[in-house]
Structures are given as structure tokens and as C-alpha cells.
Amino acid sequence: MLRPIFLLALLSAGAAHAADFEAKLAIRDHKFDPPELNVPAGAKIKLSIENQDATPEEFESTDLNREKVVVGKGTITVFIGPLDAGKYHFFGDFHQETAQGDLIAK
Amino acid sequence: MLGTGLLVFREVLEAALIVSIVCAATRGVRARGAWVGGGIAFGVLGALLVAFFADVIAAAVSGVGQELFNASVLLAAVVMIAWHAIWMASHGKELAMQMKSVGGAVQSGARPLSALLVVVAIAVLREGSEVVLFLYGQSAGGAGALELAGGIALGIVGGVAVGFLLYFGLLGIPMRYFFSATNWLMMLLAAGLASQAAGFLIQADVLPALGNRIWDTSALLSDASLLGKTLHTLVGYDARPAGMQLVFYAITAGVIALGMKWWGSPAPMKSRAG
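One line per chain: the protein sequences are G and X, in this order.
According to my numbering, the first sequence is numbered sequentially starting from 54.
According to my numbering, the second sequence is numbered sequentially starting from 52.
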């Protein structure tokens, strides 16, 4: 029963939905740039995160229910939303002392 | 050292909780230690490989390789747990009776222990690869060997200790109900893993979310808290689940419950239910 679901998941991989809005975030010296990122509420967002540091980081947000490793000098894409207006906290799991930020949807 | 220890602890905890349930479910099985130990060893090896190839995995399948990889190994674990739980439902009663009569030494028989080895290996691999990446970053960032070793030791000891607590707590369940209890726990564990897999597929935009937040209980019990994290691993607790996660959870729990009922019931029931 589970295998067909998985196959379905893989098959639909080709038909990924486009995002309404693209946002960019950088990680530099274990900090997010910008630390506050504005995005439109109610839109599906494609968030690209570029790690300019040489060491890996994990982009994580309990508010957004997202987590993804980004290797040193790597870039990842995470799909988010559509979000209600509000503030959504995110952090770098590997450098929590400095890597903190917020997504502001409005 | 404390920061390092805390991260290692969180990752080790998740794997340790799963290993504890597997250990409880294989209570009395001969050479169980070798199976679980083998799973951990494969998991550590896999974690090193995954960490080493993290950039390759991340770049695969137009940038969503990491999510597909996570979802795939999670669903593989789900299938293994389902197989074992359904097998146990049909053999659990004899096992419990055997254990009573021969005082704990039970043959493994045809039991699918390899399925549980895979589950343990996957749990260790997933959490372990994050630990390896983190530690690599720490050491590249100039953290001292002593600080890292101390943090690793703290984290592993802490995580394993909680795992043992859970294991001995489970052993307190009376033998009559023991295997059906561990079996239901395995079912909830599998449902939770399936829900996590759905989360990754949503993150990769492979599956629709079907509602981003069906409910929000983060004020009551946050995913980031120790209890929230523990329940997240054990029964798939999510403070803000997406609709698709609930669908995966319900289907997995439903299929395993039906399978256990179907094969766990006395023979005459089978022909009627067909």
C-alpha cells in the first residue's frame, strides 16, 4: 500500500508547482543576510539560501516546519507557504548563537 | 562544549528513542544485540557517506535531492516497520507464551529481524549525518579537539541515557500485553516517520501541502522542546502539521492497524474478512 504512494510522489516530482514569489537569503560569517526578510502573505515562496561560508549549515524553522542542510559554498531551495501575515522565525541549527532571522509575511 | 553537546544530544536522542523501541520489540530474541549493533554500525557508516556526499545529494534532482533522499529512507523505514509489526501481530502471542515458559530465551525463528536492522540503520544514518556535518563545520571553524570530544561525549551519553530510560520503562509493561504494546508503538512510530516524509516532499514542492497548518499547538507544546521533540520522534507529534502529513499519518497507521488485525486474528476470521 505504501509503495504506490511513494511512486506517486516520485512521479509527481516532474510536475513541481511554480512559486508565486522568489526570495533570497545569504549566510555569511554564520549570520543571515538579511536577518529580516520580507515576503508577501498568501503567496507560495521559493526561498533560495546561499551559504557563503566554507562550513555547512542547517537552515531550520520550527515556525515554518522546514529544515535543510546547506553545505559550505552551496545553495539550497526551500518551498514555503502560502503564509498568513506574521513573523516566522528561522535559524541556523549549526550556529544558533549567531545565525538567527525572521521571515516577515505581510 | 555545551553547545556542541546540546546539538549532538538532540540528534542522538532521536536515534536512541527509535533504537529503544526496536530493542523492546525484540525482547527475548537471541542475538538481538548483534542485529541492533549491526544496524548502528551500518548507520554510522551511512552517516559518514551521506555527510561526505552531502553536496552531491543536495544538488541532485534539480536541488531537491536532499528532500527526496530523506523522504525515501523514511518511507523505507516505514515499510520495514509495517512488515515487522504485521508479522509480530500474527506471532506475538506464541512469542509471549514461549517467553514465559522458557524464561526469556526465544529463538528468532523466521522473524524479519533484517527489517529492524534497516530501521535502526536509517535512524542512525539520518541523525548521524547531521552530527557529522555539524562537527566538520565546528572543527573547520577552529573548535579545539578537546572541546569537540567533550561535546560529543556529553551528547552521546545524554541521548543514550534517555533511550535507556525509555527502554526500561517499556520493560515494565506486563508480559501479557508487552508485544501488542510494542507493536502499537511501532505503528505510531511508522506513522510519524511517514508524516515526516510527507513534510520533506512538501518542502521540495513535490506534493501539495493540502493546508499549511491544519492546527497550531506550538503554544501548548513546541516542537523545539525536549518533550515535543521526543513525542515528535516516537509518535510523530507535530505542532503545525500540513494536511498532507496527516494524510500520510492516517494511511500508514490505518494500513498497519488493518494488517495487524487481519493477520493477527484467528484463522476463521481471515476467510470471512476477505
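Yeah, the Cβ is synthetic: ideal placement off N, Cα and C, and Gly gets one too.
* Could you tell me whether the Cβ atoms of Val131(G) and Glu181(X) are closer together than 8 Å? => no
* To do: Could you check what DSSP says for Lys97(G) in three-state terms: helix, strand or coil?
  => coil
* Asked: Quick one: which chain G residues come within Cβ less than 9 Å of Leu205(X)?
  -> Using a Cβ-Cβ cut-off of 9 Å, Leu205(X) is close to nothing in chain G; its nearest Cβ partner there is about 16 Å away.
* Any beta-carbon of chain G closer than 8 Å to the one on Gly250(X)? -> yes
* To do: Could you check what DSSP says for Ser165(X) in three-state terms: helix, strand or coil?
  => In this structure, Ser165(X) counts as helix in the three-state DSSP scheme.
* Do you know offhand how far Trp86(X)'s Cα is from Met52(X)'s? -> 33 Å
* **Best match in Gly139(G), Gly95(G), Asp116(G) and Glu120(G) for proximity to Ala102(G) [C-alpha to C-alpha]** => Strictly speaking, residue 102(G) in this sequence is Ile, with Ala absent from that position. Taking the Cα of Ile102(G) as reference, the smallest distance to any Cα among Gly139(G), Gly95(G), Asp116(G) and Glu120(G) is reached at Glu120(G).
* Decide if Leu168(X) is buried, meaning its Cβ has at least 16 other Cβ atoms within 10 Å, or exposed. => buried
* Per-residue DSSP class, three states only, for His148(G) -> coil
* Could you please tell me which residues of the segment 171-184 of chain X, in chain order, have their CB closer than 7 Å to any CB of chain G? => Glu181 and Leu184
* **Burial state of Asp256(X) (16 or more Cβ within 10 Å)** => Burial call: buried.
* To do: Evaluate Tyr228(X) with the Cβ neighbour count: other Cβ atoms within 10 Å of its Cβ, from every protein chain shown; 16 or more gives buried, anything less gives exposed.
  => exposed
* From the DSSP output, in three-state form, read off Ala248(X) for me. => helix
* Sheet register partners of Ile157(G) (DSSP bridge) -> Asn91(G) and Lys140(G)
* Would you kindly report the start and end of the unbroken beta strand (DSSP E) that includes Arg81(G)? => From DSSP, the beta strand (DSSP E) with Arg81(G) extends over Phe74 to Arg81.
* Asked: Is the number of C-beta pairs between the segment 129-149 of chain G and the segment 97-113 of chain G that are closer than 8 Å three or more?
  -> yes
* Asked: If we call anything under 8 Å between Cβ atoms a contact, is Leu100(G) one with Ala79(G)?
  -> no
* **For Arg291(X), the first and last residue of its enclosing beta strand (DSSP E)** => Neither: Arg291(X) is in no beta strand (DSSP E) and is coded neither H nor E.
* Tell me whether Phe219(X) is buried or exposed, calling it buried when 16 or more other Cβ atoms sit within 10 Å of its Cβ. => exposed
* Asked: With a CB to CB cut of under 7 Å and the five nearest residues on each side skipped, what residues in its chain are close to Ala67(X)?
  -> Gly210, Val211, Val213 and Gly214
* Nearest chain G C-beta to Phe81(X) closer than 8 Å, yes or no? -> In the sequence as presented, Phe is not what sits at residue 81(X); that position holds Arg. With 8 Å as the cut-off, Arg81(X) does not count as an interface residue toward chain G.
* Asked: For the segment 236-254 of chain X against the segment 265-280 of chain X, are there 3 or more C-beta pairs whose distance is under 8 Å?
  -> Touching, no, given that fewer than three Cβ pairs across the two stretches are closer than 8 Å.
* Decide if Ala318(X) is buried, meaning its Cβ has at least 16 other Cβ atoms within 10 Å, or exposed. => Because Ala318(X) sits at a pLDDT of 46, beneath the cut-off of 50, its placement in the model cannot be relied upon, and the following sentence gives the value as read from the coordinates. It counts as exposed.
* Selection from Ile207(X), Arg162(X) and Tyr300(X) that minimises the alpha carbon distance to Leu58(X) -> Nearest of Ile207(X), Arg162(X) and Tyr300(X) to Leu58(X), Cα basis: Ile207(X).
* Asked: Asn234(X) CB to nearest chain G CB: under 8 Å?
  -> no
* CB contact flag (Gly250(X), Leu176(X), <8 Å) -> No, Cβ-Cβ distance for Gly250(X) and Leu176(X) is not below 8 Å.
* Asked: Starting from Val123(G) and walking both ways along the beta strand (DSSP E), at which residues does that stretch end?
  -> Per DSSP, Val123(G) belongs to the beta strand (DSSP E) from Arg119 to Val123.
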